[in-house]
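Per the numbering used here, the sequence shown runs over residues 13 to 198. Using N, Cα and C, we set each Cβ at its ideal position, and we do this for glycine too. First the structure, in the form of structure tokens, and then the observations on it.
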Amino acid sequence: MKMIKLSLLFLIVSIMACEKTIDSESIRWTNNEARLERLISEYPNFSKALKTQLKDAKSAFEKAKQVTDEVAKIEAMDRANDIASVRYVTDLDNLDKKVEDLRESSLKLLEYSENNKGILIAGLKSVNVESTISESKNYLSFVVAKDRVQAEQAIKKAIGPLDRLQKSISDSIREMEREVRKKVEG
13 MKMIKLSLLF
23 LIVSIMACEK
33 TIDSESIRWT
43 NNEARLERLI
53 SEYPNFSKAL
63 KTQLKDAKSA
73 FEKAKQVTDE
83 VAKIEAMDRA
93 NDIASVRYVT
103 DLDNLDKKVE
113 DLRESSLKLL
123 EYSENNKGIL
133 IAGLKSVNVE
143 STISESKNYL
153 SFVVAKDRVQ
163 AEQAIKKAIG
173 PLDRLQKSIS
183 DSIREMEREV
193 RKKVEG
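What follows is the structure in structure tokens.
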């Protein structure tokens with residue numbers, strides 16, 4: 013009985029912790045606004061699209077602050093935050109993490125390579141990783157995105173090869189791990 017009460021209490025606290033509040037949405041807004049302003053300075057060729065995104069989000073947030081009903085205000089603030097954190101913005105913001113993860117996976121693949129064929133494959137993929145990263149970053153430094161649609165297309169074009177290469181490397185790592193397990197079990 014005591015365990016059930018503890019479990020129920022934990023569930024209630026967990027649900028309440030995930031509940032959106034005016035304060036949590038205000039903090040989220042501050043973070044989203046700062047992120048957009050940082051991205052505008054980091055990617056000047058995306059500045060027009062990012063500035064429009066920020067302007068639209070600010071407008072929605074200002075309207076949300078005027079709402080008097082607490083629940084409606086929280087919902088309006090949430091919508092403003094969603095405008096500020098659309099997919100292309102988060103993808104652009106996460107680009108460096110994606111590149112770092114890709115490089116780490118490439119190194120892991122090299123570590124797993126036991127035979128000459130595996131080392132050759134891992135080496136080729138490693139060279140391809142750096143080439144693909146360079147091409148994607150180069151593309152993002154030259155492409156101009158004047159609106160959300162252009163920004164979404166440019167980000168998709170830049171990260172698509174990175175995602176495909178990450179999948180290929182991850183698949184190779186899983187295959188090598190299976191081969192190691194077979195050797196250990198067999």
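Cβ-Cβ separation, A72 to K158 (assumed contact under 8 Å), whole Å: Rounded, the Cβ-Cβ distance is 21 Å, inconsistent with contact.
Simplified DSSP assignment, three categories, for S184: helix
Element boundaries [alpha helix (DSSP H), containing D113]: L107 to Y124
Three-state secondary structure (DSSP) of I27: Caution is warranted here: a pLDDT of 48 is assigned to I27, below 50, making its placement in the model unreliable, and the coordinate value is therefore given only provisionally. Looking at I27 - three-state DSSP - the assignment turns out to be helix.
Separation of K195 from I171, as counted between CA atoms: 36 Å
Where the alpha helix (DSSP H) containing K85 begins and where it ends: E82 to A96
Simplified DSSP state of S32, which is helix, strand or coil: The amino acid occupying residue 32 in the given sequence is Lys; Ser does not appear at that position. Of the three classes helix, strand and coil, the one that applies to K32 here is coil, per DSSP.
Coil, strand or helix - A157 by DSSP: coil
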